[in-house]
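S.K.:
Protein chains: 2
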Amino acid sequence: METTGFERHDHGACIREGVSAVDDRCRAQGLQFTPVRRRVLELLLEGHRALGAYDILDRLREEGLGSQPPVAYRALDFLVKHGFAHKIERLNAFVACACPGESHMPAFLICRNCDKVAEAEADMRDGRLAESAAGVGFRIERAVVEAEGLCPNCQGAAA
Amino acid sequence: METTGFERHDHGACIREGVSAVDDRCRAQGLQFTPVRRRVLELLLEGHRALGAYDILDRLREEGLGSQPPVAYRALDFLVKHGFAHKIERLNAFVACACPGESHMPAFLICRNCDKVAEAEADMRDGRLAESAAGVGFRIERAVVEAEGLCPNCQGAAA
DNA sequence: TGATAGCGGACATACTATAACATATCAAGG
DNA sequence: CCTTGATATGTTATAGTATGTCCGCTATCA
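Residue numbers (my numbering), protein chains in the order written: chain A, 4 to 162; chain B, 4 to 162.
1) Alpha carbon to alpha carbon, what distance is there between histidine 12 (chain A) and aspartate 26 (chain A)?
2) Start and end of the alpha helix (DSSP H) containing glycine 138 (chain A)?
3) Helix, strand or coil for arginine 14 (chain A), going by three-state DSSP, please let me know.
4) Out of curiosity, what's the CA-to-CA distance linking leucine 46 (chain B) and alanine 31 (chain A)?
5) In angstroms, rounded to a whole number, what distance separates the CA positions of alanine 123 (chain B) and histidine 51 (chain A)?
6) Looking only at its own chain, which residues have a Cβ that is under 8 Å from the Cβ of proline 38 (chain A), when we skip the five neighbours before and after it?
7) Count the other CB atoms within 10 Å of the CB of alanine 146 (chain A); is the residue buried (16 or more) or exposed (fewer)?
8) Hey, would you say arginine 115 (chain B) sits closer than 8 Å to leucine 153 (chain B), going by beta carbons?
9) Looking at phenylalanine 111 (chain B) and alanine 121 (chain B), is the spacing between their C-beta atoms short of 8 Å?
10) Which residues in chain B sit within 9 Å of proline 155 (chain A), going by Cβ to Cβ distance?
11) In terms of DSSP beta bridges, what is valine 120 (chain A) paired with?
12) With DSSP as the reference, please indicate the residues paired to phenylalanine 97 (chain B) in a beta bridge.
13) Closest to valine 148 (chain B) by CA distance: which of B:Lys90, B:Lys119, B:Leu82, B:Val83 is it?
14) In whole angstroms, what separates the C-alpha of methionine 4 (chain A) from that of proline 109 (chain A)?
15) According to DSSP, is glycine 152 (chain B) part of a helix, a strand, or is it coil?
16) Helix, strand or coil, according to DSSP, for methionine 4 (chain B) in the structure here?
17) Would you give the residue range spanned by the alpha helix (DSSP H) that proline 103 (chain B) belongs to?
18) Sort A:Ala88, A:Glu65, A:Cys17 by Cα distance to leucine 44 (chain A) and report the nearest one.
19) For phenylalanine 167 (chain B), report the span of its alpha helix (DSSP H) as first-last.
20) For chain A, is any of its Cβ atoms less than 8 Å away from the one on methionine 4 (chain B)?
21) With 8 Å as the threshold, decide whether the Cβ of serine 135 (chain B) is near any Cβ in chain A.
22) Kindly list, in the order they appear in chain A, the residues whose Cβ is closer than 7 Å to that of alanine 123 (chain B).
23) At the 8 Å Cβ level, is leucine 112 (chain B) part of the contact set with chain A, yes or no?
24) Note the first and the last residue of the continuous alpha helix (DSSP H) segment covering glutamate 49 (chain A).
25) Scan the segment 85-107 of chain B for residues whose Cβ lies nearer than 8 Å to a Cβ of chain A and list them as they occur along the chain.
26) Assuming the contact rule is C-beta atoms closer than 8 Å, alanine 137 (chain B) and alanine 150 (chain A) should be a hit. Round their C-beta distance to whole Å, please.
27) At the level of alpha carbons, what is the spacing between glutamate 105 (chain B) and valine 74 (chain B)?
28) Please name the residue or residues paired with glycine 145 (chain A) in a DSSP beta bridge.
29) So glycine 152 (chain A) contacts chain B; which residues on that side make the cut at Cβ distance below 8 Å?
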């Protein structure tokens, strides 16, 4: 199990790679990676942070890419539907996926101080929750797992 | 790890016990268990289902217990703050706590067919997510764990 | 008596998300 | 060429979720 998000890294490359990975997958699957969708993904990749739909809409508006809520929501729906982004229910906000295209059950580590969001793998098919669910005969199809706390950087800063 | 919610049980007693347990704890802790708060808890206990704040508000309005959103939200905030109810982020809705007063890290099993919600224990201090978080130095303080799927009853019905 | 604190009533507003309908673009096929 | 169908975007309006603020009531306590 790995996480992505808190380590130092070449963030410019990170954005370029993220966009180009999605670009490839769209080509492979015959999906249209339009300018609005591309730009929304770039915005999401910018900070490893969750952005609200209206934050994104504001940016799009500044850039002349759309001005009404459905524009942002449709782009976000596209990205989420195809696994290129995720919704953080706790924040009513969205983040770029750390490993676009791979099917997974993502879990998130949300720093309450700097708002960065890291993605981890949390397959619910095993683990204690899965056992518990199996015990009562419940069949898990999807799962929202969002942990909130302090990231390594902010623990140092707070101390 | 136990779950509560899908098993058959004496539901009348279930509500009475839930309310009276909270009543006791409020007395013990010097909290005011007012009529609005009590009624909201009863509504939440009624169906082991998640209710939206405005569903609750509608009921309160019918009963002359309040008519404006803050009335419902304040009662819900009180219940959530003291661990007598939980918010289901995935649904923007609320459920009564299955074991009021005990401090815990709850997880939820949400049936997408009948909308019933069962509560399980999902302590994040161990398990794979905890390991993963520890691996990157993230300190988990709270966690939202909400699994969606089919409850035992609805699996039978769908087949 | 006056001060304080908690609760609830009421009004207004902010934030999040979708419905519904119109228009544009483009590729496939007659 | 032109029609058709599929997908994407533009636009208006509205639904659904949540909070800010001010006020008055009541209980309590110094």
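Even glycine gets a Cβ: it sits at the ideal position worked out from N, Cα and C.
M.R.: In terms of the structure at hand:
1) Approximately 22 Å, taken between the alpha carbons.
2) According to the DSSP assignment, glycine 138 (chain A) belongs to the alpha helix (DSSP H) that extends over 131-139.
3) Looking at the sequence shown, residue 14 (chain A) is not arginine but histidine. It is helical.
4) If I take the Cα positions, the gap works out to 50 Å.
5) Here the alpha carbons of histidine 51 (chain A) and alanine 123 (chain B) stand approximately 31 Å from one another.
6) Same-chain partners within the cutoff: Leu68.
7) Alanine 146 (chain A) is classed as buried because its beta carbon has at least 16 other beta carbons within 10 Å across all chains shown.
8) Result yes, Cβ atoms of arginine 115 (chain B) and leucine 153 (chain B) sit closer than 8 Å.
9) In contact: alanine 121 (chain B) and phenylalanine 111 (chain B) (Cβ atoms closer than 8 Å).
10) Contacts between proline 155 (chain A) and chain B, judged by CB atoms closer than 9 Å, involve Val139, Gly140, Phe141, Arg142 in chain order.
11) Paired residue(s): A:Ile113.
12) In DSSP, phenylalanine 97 (chain B) forms a bridge with B:Leu54, B:Lys90.
13) When C-alpha distances from valine 148 (chain B) are compared across B:Lys90, B:Lys119, B:Leu82, B:Val83, the shortest belongs to B:Lys90.
14) Unreliable positioning characterises methionine 4 (chain A) in this predicted model, as indicated by a pLDDT of 46, which lies under 50. The coordinate reading is nonetheless provided below. Cα to Cα, the separation comes out at about 11 Å.
15) Looking at glycine 152 (chain B) - three-state DSSP - the assignment turns out to be strand.
16) Interpretation of methionine 4 (chain B) is limited by its pLDDT of 46, a score under 50 that renders its predicted location unreliable; the figure taken from the coordinates is listed afterwards. Residue state, collapsed to three classes: coil.
17) Note, proline 103 (chain B): premise wrong, no alpha helix (DSSP H); not H, not E.
18) If we check each option's Cα against that of leucine 44 (chain A), A:Ala88 comes out closest.
19) Residue 167 (chain B) lies beyond the residue range present for chain B, which begins at 4 and ends at 162; the question has no answer from this structure.
20) Unreliable placement is indicated for methionine 4 (chain B), whose pLDDT of 46 sits below 50; no coordinate value is reported for it.
21) At least one CB of chain A lies nearer than 8 Å to the CB of serine 135 (chain B).
22) Ordered by position in chain A, the residues that pass the 7 Å Cβ test against alanine 123 (chain B) are Leu132, Ser135.
23) Cβ-Cβ to chain A under 8 Å: yes for leucine 112 (chain B).
24) Run containing glutamate 49 (chain A): 38-49, per the alpha helix (DSSP H) assignment.
25) Of all residues in the segment 85-107 of chain B, Glu92, Arg93 have a Cβ within less than 8 Å of some Cβ in chain A.
26) Not quite, the Cβ-Cβ distance comes to about 11 Å (not below 8 Å), so this is no contact.
27) Rounded to the nearest angstrom, the gap between the Cα atoms of glutamate 105 (chain B) and valine 74 (chain B) is 26 Å.
28) In the sequence as displayed, the identity of residue 145 (chain A) is arginine instead of glycine. DSSP, once it has assigned bridges, lists B:Glu151 as partnering arginine 145 (chain A).
29) Simply Ala136, Phe141, Arg142, Ile143, Glu144, Arg145.
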